[in-house]
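Residue numbers (the working numbering): 440 to 553.
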């Protein structure tokens, strides 16, 4: 991604600079002449169990616009009882069911008979 150095706003080189002939990959020097720079990627943070990282906001760090990361908590897995699985599968249309749904329904039925 390429942004304006002044405010970090995203730039479309062809649209925003129609009279400039840009190579496929413009050099950092050519971008700087127009007050632009590439966005750097911050190192992805170390994650603990149950966390994941989403791309965060752009921040200017030491004069360089950088894509940061936001660490979030993963939602706990949904645990359905055998009765809930069977009711959901029974109410669903066949094309709405995944192989995992069918597998869980078979296990729920086997548990019911045991």
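Quick reminder that beta carbons are idealized off the backbone N, C-alpha and C, glycines included.
Source: prediction; values computed, not measured.
Strand pairing of residue i, partner residues [DSSP]
| i | result |
| --- | --- |
| residue 490 | 512 |
| residue 480 | 506 |
| residue 453 | Beta-bridge pairing links residue 453 to no other residue. |
| residue 442 | 449 and 476 |
Secondary structure of residue i, DSSP reduced to three states
| i | result |
| --- | --- |
| residue 536 | coil |
| residue 496 | strand |
| residue 528 | helix |
| residue 546 | helix |
| residue 519 | coil |
| residue 553 | coil |
| residue 467 | helix |
Alpha-carbon spacing of residue i relative to residue j, whole angstroms
| i | j | result |
| --- | --- | --- |
| residue 495 | residue 505 | 10 Å |
| residue 484 | residue 510 | 8 Å |
| residue 551 | residue 521 | 8 Å |
| residue 531 | residue 471 | 57 Å |
| residue 442 | residue 516 | 39 Å |
| residue 467 | residue 491 | 32 Å |
| residue 459 | residue 498 | 28 Å |
| residue 493 | residue 454 | 28 Å |
CB-CB length for residue i against residue j, believed under 8 Å
| i | j | result |
| --- | --- | --- |
| residue 503 | residue 476 | 7 Å |
| residue 452 | residue 465 | 7 Å |
Hey, is the region 477-486 in contact with the region 543-551, meaning 3+ C-beta pairs nearer than 8 Å?
In short, these stretches do not touch, since the Cβ pair count stays below three.
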